[in-house]
Structure formats: structure tokens, C-alpha cells
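Chains as they are written, first to last, in my numbering: chain A, 5 to 231; chain B, 5 to 231.
Okay, structure first, notes after.
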DNA sequence: AATCTAAGCGTAATTATTACGCAAAGTTAA
DNA sequence: TTAACTTTGCGTAATAATTACGCTTAGATT
């Protein structure tokens with residue numbers, strides 16, 4: 005290398021949650037800097053001896069106080085030299101899912117105020133975060149079809165109509181209730197809790213649990229989840 | 005950030021080719037440094053004002069002289085702090101496909117000697133490059149099923165038995181020749197060149213071209229490729 | 001001319017998906 | 001108390017997709 009490399013490396017997290025029958029994304033409001041008050045993804049610089057994943061978990065904890073169910077690397081944004089107006093920053097974006105009914109957001113921390121936004125009503129975002137969010141939405145949509153990640157957005161015990169609504173909301177299409185149920189049950193990955201949940205109207209619904217252990221076993225045997 | 009960030013950023017490229025009915029990967033032999041003589045993926049440090057993609061293309065050109073048909077980001081390796089014995093390096097790995105019958109490797113350059121290795125006969129690799137290669141193989145295998153990327157490994161004009169062998173080799177399973185042909189033709193993405201290719205034995209085979217333009221059009225109409 | 005080999009086409013059997021009718025189990029209103 | 005209403009839960013027929021595999025064709029070889 006002729007010149008000393010002068011590139012900073014950061015991580016950003018797209019956190020998806022599901023409440024009120026809608027997909028939500030977690031954003032934080034910038035408190036300092038040139039982009040003060042504007043909303044952005046959770047994120048920050050990586051420390052010298054810190055693995056990337058640890059950096060994401062640390063930022064999530066510091067800025068929002070949450071622990072995610074599911075975390076995977078999404079994409080590394082490093083082609084646009086000027087994505088950060090201060091200096092060159094390459095960002096490794098992560099994609100995560102939480103059961104938003106369970107968690108409590110921290111009211112207010114040093115760096116930021118965190119808030120859930122319905123995915124169809126997101127404010128303008130700082131940096132290139134809109135682009136990152138868009139990619140994350142596409143990934144969620146395609147991944148939901150071939151991996152059982154929907155459960156990471158729901159409570160441990162759930163009813164079929166909630167699972168179905170989640171799939172409808174994210175895939176943005178109508179699903180036949182009866183075929184959906186039949187297909188899911190045919191995998192043998194759901195177990196009844198024995199409990200029923202009273203509905204506002206109509207027959208009470210049985211609640212189910214996702215058997216993650218069984219899923220892992222099936223995977224080893226060559227099973228392929230596909231909805 | 006309390007301390008000045010001191011992390012270097014590099015790119016690595018996994019280059020796949022297909023010859024002698026086998027999947028191959030392109031490797032370079034280290035000429036200097038502690039890992040002299042050992043084989044590694046093509047790669048190097050990113051320059052200050054250089055987009056990541058440009059860095060990959062530059063390294064490929066410098067170290068091997070090739071131009072790839074297909075390039076996409078694979079994964080960013082930054083959890084293992086000591087993956088490079090010298091200092092902390094985060095590597096953004098790219099995944100690429102070339103038609104290896106077309107290209108000429110540069111005989112020898114300043115930095116390295118490049119060579120094709122059959123995927124089932126790869127030498128020990130430097131750094132964590134075996135891990136990277138493994139991930140790339142998995143990605144290739146899954147991607148081949150739902151995107152028409154096999155054509156990037158073949159000459160522009162090809163015959164069905166070559167396409168079929170490529171799928172068999174990468175997916176590591178037997179495919180019924182007749183059903184494979186039927187399915188592919190049903191997409192309407194292949195056009196006959198009008199030429200036939202004499203075989204060592206048996207009936208001569210018709211050659212085909214992949215209609216990339218048509219594929220793009222179909223995609224916009226919601227078409228989903230799946231083999 | 002008979003034999004061999006791989007390409008190319010077709011068809012039946014099986015499996016998966018989709019559409020949708022209807023009973024069951026509750027609540028609410030008359 | 002019962003009729004009306006709503007959503008869950010199960011089943012079945014129609015349609016579509018996949019798989020298995022036989023047979024003809026077009027060349028080279030013996």
C-alpha cells in the first residue's frame with residue numbers, strides 16, 4: 005500500500021419487529037452531530053479488538069437496550085465513498101428480528117432515543133440508511149419464504165391467524181388461511197400448547213409453539229423449509 | 005471512539021470456473037511474506053478513495069489478468085480478530101464466475117502466479133481462505149437453483165449435455181437428462197443457434213444461447229427462475 | 001448393413017398446490 | 001333461550017408441477 009489506509013469501519017443494524025399486525029423497524033434519533041434530530045439505524049464504529057458481531061450487540065444494547073432473537077449479516081456498504089459526509093466509512097449492515105411484544109425499549113440513553121416505526125411509515129433517514137433498509141426488507145421477504153424466521157418476530161406461543169397475518173404483511177399477498185395451516189402443520193414443526201386463546205369473535209384458537217430442536221434435526225436430514 | 009481505530013480493510017475474490025466437466029477455483033501463490041509459497045484467494049487492500057467493487061476488479065486484473073462475467077458480494081469476515089497474523093484485517097469477500105475456456109491467465113505477475121484447481125482438489129490455503137471458499141461453494145450451490153448463473157460459467161454457445169453436467173457437478177446430484185431439458189426449454193430463455201456440435205459418439209447436439217435480455221424482461225413481469 | 005451411443009421427444013404416474021365447502025365453538029343480539 | 005354471526009379447524013375435488021422412463025433419431029464405428 006503506497007499510502008496509509010484511512011478508512012473507518014462501522015456496523016449498522018436493521019431491527020425488525022411485529023406489532024399491531026404490522027411489520028415495524030427500530031430507529032434512533034441522532035442527538036449530536038451535523039445530522040442531529042434526523043432518524044437513523046442503530047449503529048456505530050467498531051472497536052479495535054472487537055469482533056463485528058460483538059460490535060452490533062454492543063450498539064444495540066447501548067442505544068436501545070434490546071436483545072435480538074435473530075441476527076445475520078446483510079451487506080457491506082463500501083462502494084459509495086461519500087456515504088458519510090465526515091470521512092470514508094464502510095458499514096457492515098446486520099439484519100435482525102425481535103419479538104417486540106416482549107422487549108422494553110430503554111426510555112432514553114446517552115446517545116439516542118429509540119422508537120418503532122411501521123414499515124410503511126418510515127421517516128427520512130440519515131446517510132444511506134434508506135437504501136440499507138430497502139435491501140433489508142427485500143431480504144426479509146425472500147428469506148421468510150425459505151427459512152422459518154417468522155417465529156422470531158412472534159411470542160413463543162402464538163395462534164395461526166397471527167402467523168398467517170405476519171406472512172401476509174411481509175410477503176404483501178393474500179394467503180388462503182386453510183392451505184396455509186395445512187402446509188405448516190405438514191412440516192411437523194409446530195406443537196400444540198394445549199391452550200386456547202379467546203378471540204374477539206368466533207371460535208377460540210389453539211395456540212402453538214415452534215419446535216426449533218426438531219427443525220435442526222430435520223435440516224441435518226436434508227429437509228428444506230419452503231412456504 | 006476512545007482510541008483511534010486501527011483496522012485494515014481488504015477484499016478477496018473467489019473465482020469459479022468450469023472446465024473438463026469440473027468446477028474449478030482460481031488461486032494465487034504468495035510470493036512474499038510469512039506465508040510465501042502457500043496458495044490463497046485473489047485479494048488485497050482497498051485504496052483510500054477506491055470503491056470496494058473497484059478494488060476487487062483491480063486485484064483480479066493485477067494478479068490474474070481476468071475479467072469476470074459475474075461478481076457479487078459474499079460475506080464480510082471480521083469476527084476473527086486474528087485471521088491475519090500481521091494485524092487486524094477485515095475482508096469483504098466477493099464471489100465471481102468466469103467462462104474459463106475464454107480467458108487467458110497472465111503467466112506471471114509481480115505479486116503472484118495464478119492457477120486453476122478442481123474444487124475437489126484444492127491445496128491448503130493461507131489465512132481463513134478455506135472457510136471463505138467453503139461459504140462460496142455453498143452460496144454457488146444454492147444460487148444455481150434459483151438464478152440462471154450457470155451460463156456465466158459456460159461459453160456463449162453451449163449444448164444441453166454441458167449445461168446438465170455443470171448442474172450435476174455443482175449440485176452434486178443426478179439429474180434426469182430429459183426432464184432437465186424440458187424444464188429449461190419451458191422457460192423460453194434459450195434460443196437455438198441453428199448449429200449442431202458433433203459428439204465423440206451418438207447424435208450431434210444442437211447448440212443454444214441464453215437470452216439474457218429476455219430474462220430481464222421476464223423478471224420485471226414477476227418471473228421466478230427455479231430449477 | 002448391423003451395432004453402438006447420445007440427443008431429442010413424448011406420455012403416464014405420482015406428488016404438490018390451489019380453490020373452496022362445511023362443521024365446530026364460541027359471542028352477541030333479539 | 002335461541003337465532004344470528006364470526007372465526008377456527010378439517011376435508012375433498014380440481015388443477016398444476018414433478019418425476020420416471022420408453023422410444024425414435026442421427027450420427028460414428030465395426
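For each residue, glycine too, the CB sits at the ideal point set by N, CA and C.
All figures in this text were calculated on a predicted structure; none of them were measured in a lab.
Listed in chain order, the positions of the segment 11-34 of chain B with a beta carbon within less than 8 Å of a beta carbon of chain A are 11, 12, 13.
For residue 67 (chain A), no beta strand (DSSP E) encloses it; the enclosing alpha helix (DSSP H) starts and ends at 56-68.
Here the segment 37-48 of chain A makes contact with the segment 5-17 of chain A; the two share three or more CB pairs at distances below 8 Å. If you check each beta-carbon in the segment 35-63 of chain A against every beta-carbon of chain B, the ones closer than 7 Å belong to 49, 50, 52, 53, 55, 56, 57. Residue pairing by DSSP puts residue 75 (chain A) in a beta bridge opposite A:100. Shortest Cα-Cα distance from residue 95 (chain B) to any of B:82, B:41, B:226, B:105 involves B:82. Residue 82 (chain B) reaches chain A at 13, 50, 55, 56, 96, counting residues in chain order whose Cβ is nearer than 8 Å. Comparing alpha-carbon positions, the option among A:206, A:192, A:210, A:191 lying closest to residue 200 (chain A) turns out to be A:210. DSSP places residue 12 (chain A) outside any alpha helix (DSSP H); the residue lies instead in the beta strand (DSSP E), whose first and last residues are 12-23.
For residue 203 (chain A), the closest Cβ of chain B is not nearer than 9 Å.
Annotated three-state conformation of residue 163 (chain A) is strand, per DSSP. Cβ proximity to chain A below 8 Å picks out nothing from the segment 138-153 of chain B.
For residue 231 (chain A), none of the residues of chain B pass the 8 Å Cβ criterion, the least Cβ distance being about 14 Å.
For chain B, none of the residues of the segment 210-228 of chain A brings a beta carbon within less than 9 Å of one of its beta carbons. The three-state secondary structure of residue 42 (chain B), taken from DSSP, is coil. With contacts defined as CB atoms closer than 9 Å, residue 78 (chain A) and residue 129 (chain A) fail to qualify as a contacting pair.
With respect to the C-alpha of residue 176 (chain B), the residue from B:208, B:80, B:141 having the closest C-alpha is B:141.
Taking the Cα of residue 11 (chain B) as reference, the smallest distance to any Cα among B:136, B:156, B:91, B:160 is reached at B:91. Secondary structure of residue 48 (chain B) (DSSP, three-state): strand. Leaving aside the five residues that flank residue 80 (chain B) on each side, the residues in its chain whose CB is nearer than 8 Å to its CB run, in chain order, 94, 95, 96, 97.
Here residue 230 (chain A) carries a coil assignment [DSSP, helix/strand/coil]. The beta carbons of residue 54 (chain B) and residue 122 (chain B) sit no closer together than 9 Å. Within its own chain, the residues whose Cβ lies closer than 6 Å to the Cβ of residue 72 (chain A), once the five positions on either side in sequence are excluded, are 100, 102, listed in chain order.
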